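Trainee: Once you've had a glance at the structure underneath, I'll fire off some questions.
Number of protein chains: 2
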Amino acid sequence: MKEKRYKQVQDFLKLQIQKGYYDVGDYLPSENELCSTFSITRTTVRKALDELTREGFIERHHGKGSIVRERRKSLGLLNVKGFSEAVGEDVSTIFLQGPHSDFWSPEIHFKISEKELSQPCIHFSRLRCVGEVPVMIEHNWMNGTCLKEFSDIDFVNGSFFKTLSQHYHIEIVGSEQELRAENAHKDSADLLKVPLGSPILHISVKFHTSNSNFNIYSELYCNTNNYPVGNSYYL
Amino acid sequence: MKEKRYKQVQDFLKLQIQKGYYDVGDYLPSENELCSTFSITRTTVRKALDELTREGFIERHHGKGSIVRERRKSLGLLNVKGFSEAVGEDVSTIFLQGPHSDFWSPEIHFKISEKELSQPCIHFSRLRCVGEVPVMIEHNWMNGTCLKEFSDIDFVNGSFFKTLSQHYHIEIVGSEQELRAENAHKDSADLLKVPLGSPILHISVKFHTSNSNFNIYSELYCNTNNYPVGNSYYL
DNA sequence: GCTTTTGACTTGTACGTACAAGTCAAAAAG
DNA sequence: CTTTTTGACTTGTACGTACAAGTCAAAAGC
Numbered sequence: 001m002k003e004k005r006y007k008q009v010q011d012f013l014k015l016q017i018q019k020g021y022y023d024v025g026d027y028l029p030s031e032n033e034l035c036s037t038f039s040i041t042r043t044t045v046r047k048a049l050d051e052l053t054r055e056g057f058i059e060r061h062h063g064k065g066s067i068v069r070e071r072r073k074s075l076g077l078l079n080v081k082g083f084s085e086a087v088g089e090d091v092s093t094i095f096l097q098g099p100h101s102d103f104w105s106p107e108i109h110f111k112i113s114e115k116e117l118s119q120p121c122i123h124f125s126r127l128r129c130v131g132e133v134p135v136m137i138e139h140n141w142m143n144g145t146c147l148k149e150f151s152d153i154d155f156v157n158g159s160f161f162k163t164l165s166q167h168y169h170i171e172i173v174g175s176e177q178e179l180r181a182e183n184a185h186k187d188s189a190d191l192l193k194v195p196l197g198s199p200i201l202h203i204s205v206k207f208h209t210s211n212s213n214f215n216i217y218s219e220l221y222c223n224t225n226n227y228p229v230g231n232s233y234y235l
Numbered sequence: 001m002k003e004k005r006y007k008q009v010q011d012f013l014k015l016q017i018q019k020g021y022y023d024v025g026d027y028l029p030s031e032n033e034l035c036s037t038f039s040i041t042r043t044t045v046r047k048a049l050d051e052l053t054r055e056g057f058i059e060r061h062h063g064k065g066s067i068v069r070e071r072r073k074s075l076g077l078l079n080v081k082g083f084s085e086a087v088g089e090d091v092s093t094i095f096l097q098g099p100h101s102d103f104w105s106p107e108i109h110f111k112i113s114e115k116e117l118s119q120p121c122i123h124f125s126r127l128r129c130v131g132e133v134p135v136m137i138e139h140n141w142m143n144g145t146c147l148k149e150f151s152d153i154d155f156v157n158g159s160f161f162k163t164l165s166q167h168y169h170i171e172i173v174g175s176e177q178e179l180r181a182e183n184a185h186k187d188s189a190d191l192l193k194v195p196l197g198s199p200i201l202h203i204s205v206k207f208h209t210s211n212s213n214f215n216i217y218s219e220l221y222c223n224t225n226n227y228p229v230g231n232s233y234y235l
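Chains as they are written, first to last, in the UniProt record's numbering: chain A, 1 to 235; chain B, 1 to 235.
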């Protein structure tokens, strides 16, 4: 039972992208080049590229080629408006707690699998600011056995997802989210510099990844007064 | 300049589904049947089915066939948990204002195109309840010229999107959303039966459709105390 | 009656070919 | 020097073929 040919090409190119061999905006080799390097037909190459397109890794342009794209934008995840991809924006991230071993917190909203509960947990939390204004508190928990020597590695471009992709070849393949409007508790009001009881957007997320034993559980608390949370998707 | 063959098949099948010729769970004709009815090769039929899969209209099963699916579930839209598709749940919808001609409201958060502003506006608003508990106020505005005799038509299964699809063949192709946690104003507090100033989840949505002159602008106000808003997506 | 096998169906993968159509720069024409 | 044309490159569409692999019921075997 050997692996399918298109899947081989797909995984090869994906790994190249993940490792940063191609930057965002770079062109992949042309279909005919890929045909000859892999000794397969264009039909099969195109199937591989179709899959990568569907997964959001590349974008294809008639007459020009396939370019590597910023995958985050294709995921339809919720984001603080003008965050992450914001160019020239004055965005900063403060680590409240760096990555460290911890217990699986009861604060986690989604159900944690038995397998995960039996394994060590890594936790870290950050405060996201625009200018001097704190807008989001972010708590993250995940299975520690999947991330060897995690705490030592610097975040790639400050992005946890990019770090996962480039260093561990783990990709987000899905998510579940729940959103609530709540009154700010003492801790979060303090950190977000808002009065106690202010309306806060609480988002619980479970990210599913390409490793079925590795999910990311996040609890986010957002001050949406000046920076609303948003997303968009297109077919 | 004639239309592409796979696109013809794709649009034909899509129309059949939209018109309700196939129910959710029904099998489409097999690929070989489609080949002979359209006098095209399987490659082209499969391309058409690939597109319909990508758009969320069908699901394919190896060895069995392609079945029609509930498209809403593939869209990654935010939904009140246990709403819409909830089976056996005690969900009800009350029209606060039935579909009627109105002005484009300043309450609309997203920018309205010039074309739309120059044309008449249809507005309706609903209150969504679980049991006796109101959980969401929903205001909708849209271009009236695209919906002839709209107010007279009963909503298909109580769903506005299904009505659009089946009666007008208009499909949602994308959306932009912004979310904020706010204090309840007098009107919304009243309708949602919560104290004035309670935290409320305010969602502004612009739905893009297959008709570029027809967008749906919605402002939603949710009481998330008992029924959080959620979504999920998978690759 | 029960289990196993067969066979006809389905979709999935992969081959090969041909031409259409978009892109871009170098060559030809003015 | 500027404009137009050509041509080599890219991806897109569509043809045709072959076999692999999953599904399911009817036929064969016990």
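Using N, Cα and C, we set each Cβ at its ideal position, and we do this for glycine too.
Because the structure is a prediction, the values reported are computed rather than measured.
(1) Quick check on Gly-230(B): buried or exposed, where buried means 16 or more other Cβ atoms within 10 Å of its Cβ?
(2) Please return the same chain residues whose Cβ sits closer than 6 Å to the Cβ of Ser-204(B), not counting the five positions on each side in sequence.
(3) Near Phe-214(A), what residues of its chain come up, given a Cβ to Cβ distance below 7 Å and the 5 sequence neighbours on each side ignored?
(4) At what residues does the alpha helix (DSSP H) containing Glu-3(A) begin and finish?
(5) Mind listing the chain B neighbours of Glu-176(A)? Cutoff is C-beta to C-beta under 9 Å, in chain order.
(6) In angstroms with no decimal places, state the Cα-to-Cα distance between His-61(A) and Leu-34(B).
(7) From the DSSP output, in three-state form, read off Glu-178(A) for me.
(8) Does any C-beta atom of chain A lie closer than 8 Å to the C-beta of Ala-181(B)?
(9) Between Lys-111(B) and Leu-15(B), what straight-line distance do the alpha-carbon atoms span, to the nearest angstrom?
(10) Quick check: the Cα distance between Glu-176(B) and Leu-164(A), rounded to an integer number of angstroms?
(11) Starting from the C-beta of Thr-30(A), find all residues in its chain whose C-beta is less than 8 Å away, skip the five residues before and the five after it, and write them out in chain order.
(12) Let me confirm a value: Pro-199(B) is counted as buried when at least 16 other C-beta atoms fall within 10 Å, else exposed. Which label applies?
(13) Short check: CB of Gln-166(A) to CB of Gly-25(A), under 8 Å?
(14) How should residue 244(B) be labelled, buried or exposed, when 16 other C-beta atoms within 10 angstroms of its C-beta is the threshold for buried?
(15) Quick one: which residues of the region 192 to 204 of chain B get their C-beta closer than 9 Å to a C-beta of chain A? List them in chain order.
(16) Please identify the residue among Glu-51(A), Thr-44(A), Cys-129(A) and Ser-39(A) whose C-alpha is closest to the C-alpha of Tyr-221(A).
(17) By DSSP, does His-202(A) sit in helix, in strand, or in coil?
(18) If you draw a straight line from the C-alpha of Ala-184(B) to the C-alpha of Met-136(A), how long is it?
(19) At a Cβ threshold of 8 Å, is Val-9(A) touching chain B?
(20) Closer than 8 Å, CB to CB, is Glu-31(B) near chain A or not?
(21) Reducing DSSP to helix, strand and coil, say where His-167(A) ends up.
(22) Please confirm whether Val-45(A) has its beta-carbon closer than 8 Å to some beta-carbon of chain B.
(23) Counting along the chain, where does the alpha helix (DSSP H) carrying Asp-50(A) start and finish?
(24) Nearest by alpha-carbon distance to Gly-174(B): which of Arg-180(B), Phe-161(B), Glu-182(B) and Tyr-168(B) is it?
(25) When burial is assigned at 16 or more other CB atoms within 10 Å of the CB, is Pro-99(B) buried or exposed?
(26) Can you check DSSP and say which residues form a bridge with Glu-59(A)?
(27) Closer than 7 Å by beta-carbon distance: list the chain B residues that pair up with Val-130(A), in chain order.
(28) Beta-carbon within less than 7 Å of Ile-153(B)'s beta-carbon, same chain only, minus the 5 sequence neighbours each way: which residues are those?
(29) What residues from chain A crowd round Thr-209(B), counting only those whose CB sits closer than 9 Å?
(30) Check whether the Cβ atoms of residue 238(A) and Gln-97(A) lie closer than 8 Å to each other.
(31) Comparing the C-beta of residue 291(B) with each C-beta of chain A, is any distance below 8 Å?
(32) Output needed in chain order: residues of the region 53 to 66 of chain A with a Cβ under 9 Å from some Cβ in chain B.
(33) Is it right to say Tyr-27(B) is buried, meaning 16 or more other beta carbons lie within 10 angstroms of its own, or is it exposed?
(34) Taking only three categories from DSSP, how would you classify Tyr-221(A)?
Mentor: With the given structure in hand:
(1) The residue labelled residue 230(B) in the question sits at position 230 within the second sequence. Within a 10 Å sphere around the beta-carbon of Gly-230(B) sit 16 or more other beta-carbons, which makes this residue buried.
(2) Residue numbering aside, residue 204(B) sits at position 204 when the second sequence is read from its first letter. The residues are His-109, Glu-178 and Glu-219.
(3) The sequence position of residue 214(A) within the first sequence is 214, counting from 1. Taken in chain order, the residues that qualify are Met-142, Asn-143, Cys-146 and Ile-170.
(4) Position 3 of the first sequence, counted from the first residue, corresponds to residue 3(A). That residue, Glu-3(A), is in no alpha helix (DSSP H); it is neither H nor E in DSSP.
(5) Here the question's residue 176(A) lines up with position 176 in the first sequence. In chain order: Gly-230, Asn-231, Ser-232 and Tyr-233.
(6) The sequence position of residue 61(A) within the first sequence is 61, counting from 1. The sequence position of residue 34(B) within the second sequence is 34, counting from 1. Going by the C-alpha atoms only, they are around 30 Å apart.
(7) Position 178 of the first sequence, counted from the start, is the residue given in the question as residue 178(A). Reduced to three states, the DSSP call for Glu-178(A) is strand.
(8) If you number the second sequence from 1, residue 181(B) lands on position 181. Closer than 8 Å to some Cβ of chain A, the Cβ of Ala-181(B) qualifies, so yes.
(9) Locating residue 111(B) in the second sequence gives position 111, counting from the first residue. Locating residue 15(B) in the second sequence gives position 15, counting from the first residue. So the alpha carbons of these two residues sit roughly 31 Å apart.
(10) The residue you call residue 176(B) lines up with position 176 of the second sequence. The residue you call residue 164(A) lines up with position 164 of the first sequence. Approximately 27 Å between the Cα atoms of the pair.
(11) Translated into the one-based positions of the first sequence, residue 30(A) becomes position 30. It should be noted that the sequence gives Ser, not Thr, for residue 30(A). Result list for Ser-30(A): Gly-65, in chain order.
(12) What you label residue 199(B) is simply residue 199 of the second sequence in a count that begins at 1. The residue is buried, with at least 16 neighbouring Cβ atoms inside 10 Å.
(13) Walking along the first sequence from the start, residue 166(A) turns up at place 166. Walking along the first sequence from the start, residue 25(A) turns up at place 25. No, Cβ-Cβ distance for Gln-166(A) and Gly-25(A) is not below 8 Å.
(14) This structure does not reach residue 244(B), given that chain B is present from 1 up to 235, and the question cannot be answered.
(15) Gly-197, Ser-198, Pro-199, Ile-200, Leu-201, His-202, Ile-203 and Ser-204
(16) Along the first sequence, read from residue 1 onward, the residue named residue 221(A) stands at position 221. When only C-alpha atoms are compared, the closest one is Cys-129(A).
(17) For the purposes of this step, residue 202(A) is taken as the residue at position 202 of the first sequence. Looking at His-202(A) - three-state DSSP - the assignment turns out to be strand.
(18) In the second sequence, residue 184(B) corresponds to position 184, counting from 1. In the first sequence, residue 136(A) corresponds to position 136, counting from 1. Each residue's alpha carbon lies about 22 Å from the other.
(19) Here residue 9(A) refers to the residue found at position 9 when the first sequence is read from its first residue. Cβ-Cβ to chain B under 8 Å: no for Val-9(A).
(20) Along the second sequence, read from residue 1 onward, the residue named residue 31(B) stands at position 31. No, Glu-31(B) does not count as interfacial toward chain A.
(21) Residue numbering aside, residue 167(A) sits at position 167 when the first sequence is read from its first letter. Helix.
(22) Taking the first residue of the first sequence as 1, we reach residue 45(A) at position 45. It does not; no Cβ of chain B falls within 8 Å.
(23) Counting from 1 along the first sequence, the entry for residue 50(A) is found at position 50. Per DSSP, Asp-50(A) belongs to the alpha helix (DSSP H) from 42 to 54.
(24) Against the second sequence, residue 174(B) aligns to sequence position 174. That would be Phe-161(B), whose Cα lies nearest to the Cα of Gly-174(B).
(25) Here residue 99(B) is taken as the residue at index 99 of the second sequence, counted from 1. Buried.
(26) Numbered from 1 along the first sequence, position 59 holds the residue referred to as residue 59(A). BP columns for Glu-59(A) point to Ile-67(A).
(27) In the first sequence, counting from the first residue as 1, residue 130(A) sits at position 130. Proximity of chain B to Val-130(A) at the Cβ level (cut-off 7 Å) is not reached, the minimal Cβ distance being about 15 Å.
(28) As a working note, residue 153(B) is residue 153 in the second sequence. Excluding sequence neighbours, Ile-153(B) sits near Thr-163 and His-167.
(29) Mapped onto the second sequence, residue 209(B) falls at position 209. Residues of chain A whose Cβ lies closer than 9 Å to the Cβ of Thr-209(B) do not exist, since the nearest Cβ in that chain is about 11 Å away.
(30) This structure does not reach residue 238(A), given that chain A is present from 1 up to 235, and the question cannot be answered.
(31) A query on residue 291(B) cannot be resolved here, the shown segment of chain B reaching from 1 to 235 and no further.
(32) Arg-54, Glu-55 and Gly-56
(33) Translated into positions along the second sequence, residue 27(B) becomes position 27. By the neighbour-count rule (16 or more Cβ atoms within 10 Å), Tyr-27(B) is not buried but exposed.
(34) Locating residue 221(A) in the first sequence gives position 221, where the first residue counts as 1. Strand.
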